[in-house]
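Residue numbers (the numbering used here): 105 to 197.
Glycine residues also receive a C-beta, built at the ideal position from the N, C-alpha and C atoms.
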(Lines of atoms letter the chains of each structure in order from A; the text may use other names.)
(Lines give C-alpha, C1' and ligand atoms only; values in the text may rest on other atoms or scores of the structure.)
Protein backbone atom coordinates (compact mmCIF):
# COMPACT_ATOMS: atom_id res chain seq x y z
CA UNK A 105 0.00 0.00 0.00
CA UNK A 106 1.37 3.37 -0.96
CA UNK A 107 1.62 6.06 1.72
CA UNK A 108 -0.48 8.37 -0.46
CA UNK A 109 -3.35 5.88 -0.20
CA UNK A 110 -3.64 6.45 3.54
CA UNK A 111 -4.71 10.06 2.97
CA UNK A 112 -7.72 8.74 1.04
CA UNK A 113 -8.85 6.27 3.70
CA UNK A 114 -11.00 6.89 6.75
CA UNK A 115 -12.59 4.72 9.39
CA UNK A 116 -15.63 3.03 7.84
CA UNK A 117 -17.52 3.35 11.14
CA UNK A 118 -17.12 6.99 12.13
CA UNK A 119 -15.29 8.49 9.13
CA UNK A 120 -12.40 9.69 11.33
CA UNK A 121 -8.80 9.84 10.10
CA UNK A 122 -6.63 6.76 10.49
CA UNK A 123 -3.15 6.56 11.96
CA UNK A 124 -0.56 4.23 10.38
CA UNK A 125 1.83 1.90 12.15
CA UNK A 126 4.20 0.41 9.58
CA UNK A 127 6.00 -2.83 10.33
CA UNK A 128 7.35 -3.90 6.95
CA UNK A 129 8.00 -1.79 3.85
CA UNK A 130 9.43 -2.68 0.46
CA UNK A 131 12.28 -0.84 -1.27
CA UNK A 132 9.82 1.66 -2.75
CA UNK A 133 8.46 2.57 0.72
CA UNK A 134 5.14 0.79 0.15
CA UNK A 135 3.61 -0.64 3.30
CA UNK A 136 3.56 -4.44 3.21
CA UNK A 137 2.62 -5.12 6.82
CA UNK A 138 1.28 -3.03 9.66
CA UNK A 139 -2.00 -1.57 10.77
CA UNK A 140 -4.24 1.46 10.62
CA UNK A 141 -6.11 2.58 13.70
CA UNK A 142 -8.87 5.07 14.33
CA UNK A 143 -8.23 7.54 17.14
CA UNK A 144 -11.97 8.05 17.67
CA UNK A 145 -13.40 4.52 17.98
CA UNK A 146 -9.98 2.84 18.54
CA UNK A 147 -10.63 0.17 15.87
CA UNK A 148 -7.54 -1.44 14.39
CA UNK A 149 -7.31 -2.53 10.75
CA UNK A 150 -4.43 -4.85 9.80
CA UNK A 151 -2.43 -4.38 6.60
CA UNK A 152 -1.45 -7.74 5.14
CA UNK A 153 0.64 -8.08 1.97
CA UNK A 154 -0.01 -4.40 1.26
CA UNK A 155 -3.80 -4.62 1.60
CA UNK A 156 -5.70 -2.96 4.45
CA UNK A 157 -8.38 -5.26 5.89
CA UNK A 158 -11.25 -2.89 6.71
CA UNK A 159 -14.24 -5.20 7.04
CA UNK A 160 -17.11 -4.44 9.44
CA UNK A 161 -16.71 -6.12 12.85
CA UNK A 162 -19.40 -8.70 12.13
CA UNK A 163 -17.36 -10.02 9.17
CA UNK A 164 -14.04 -10.17 11.02
CA UNK A 165 -12.76 -13.22 12.86
CA UNK A 166 -10.67 -12.79 15.98
CA UNK A 167 -8.99 -16.16 15.52
CA UNK A 168 -7.73 -15.21 12.04
CA UNK A 169 -6.26 -11.90 13.24
CA UNK A 170 -4.83 -13.26 16.50
CA UNK A 171 -1.59 -14.67 14.94
CA UNK A 172 -0.85 -11.28 13.36
CA UNK A 173 -1.39 -9.43 16.61
CA UNK A 174 0.84 -11.88 18.46
CA UNK A 175 3.52 -11.41 15.80
CA UNK A 176 3.21 -7.63 16.13
CA UNK A 177 3.05 -7.57 19.95
CA UNK A 178 6.36 -5.73 20.35
CA UNK A 179 5.09 -2.98 18.03
CA UNK A 180 1.91 -2.54 20.11
CA UNK A 181 4.03 -0.90 22.83
CA UNK A 182 2.10 -2.39 25.76
CA UNK A 183 -1.31 -1.88 24.18
CA UNK A 184 -3.71 -4.76 23.64
CA UNK A 185 -6.47 -5.45 21.14
CA UNK A 186 -9.95 -6.34 22.31
CA UNK A 187 -13.04 -6.46 20.12
CA UNK A 188 -10.90 -5.18 17.21
CA UNK A 189 -10.04 -2.06 19.24
CA UNK A 190 -6.63 -0.87 20.38
CA UNK A 191 -6.63 -0.54 24.17
CA UNK A 192 -4.08 1.42 26.21
CA UNK A 193 -2.38 -0.63 28.92
CA UNK A 194 -4.56 -0.77 32.04
CA UNK A 195 -7.70 0.66 30.39
CA UNK A 196 -10.97 -0.93 29.27
CA UNK A 197 -13.29 0.15 26.48
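Using a Cβ-Cβ cut-off of 7 angstroms (strictly less than) and excluding sequence neighbours within five positions of residue 154, which residues of its own chain qualify?
In the chain shown, residue 154 corresponds to position 50, counting from 1. Correct list, in chain order: 105, 134, 135 and 136.
Note the first and the last residue of the continuous beta strand (DSSP E) segment covering residue 122.
Counting from 1 along the chain shown, the entry for residue 122 is found at position 18. That run of the beta strand (DSSP E) goes 122 to 129.
Own chain residues within Cβ distance below 7 angstroms of residue 148, not counting five before or after
Counting from one through the chain shown, the residue named residue 148 turns up at place 44. 139, 141, 185, 188, 189 and 190.
For the alpha helix (DSSP H) that residue 174 lies in, which residues bound it at each end?
Along the chain shown, one-based indexing puts residue 174 at 70. Taken as a continuous stretch (DSSP letters only), the alpha helix (DSSP H) holding residue 174 covers 166 to 175.
Looking only at DSSP bridge pairs, what is residue 189 linked to?
Translated into the one-based positions of the chain shown, residue 189 becomes position 85. DSSP lists 147 and 186 as partners of residue 189.
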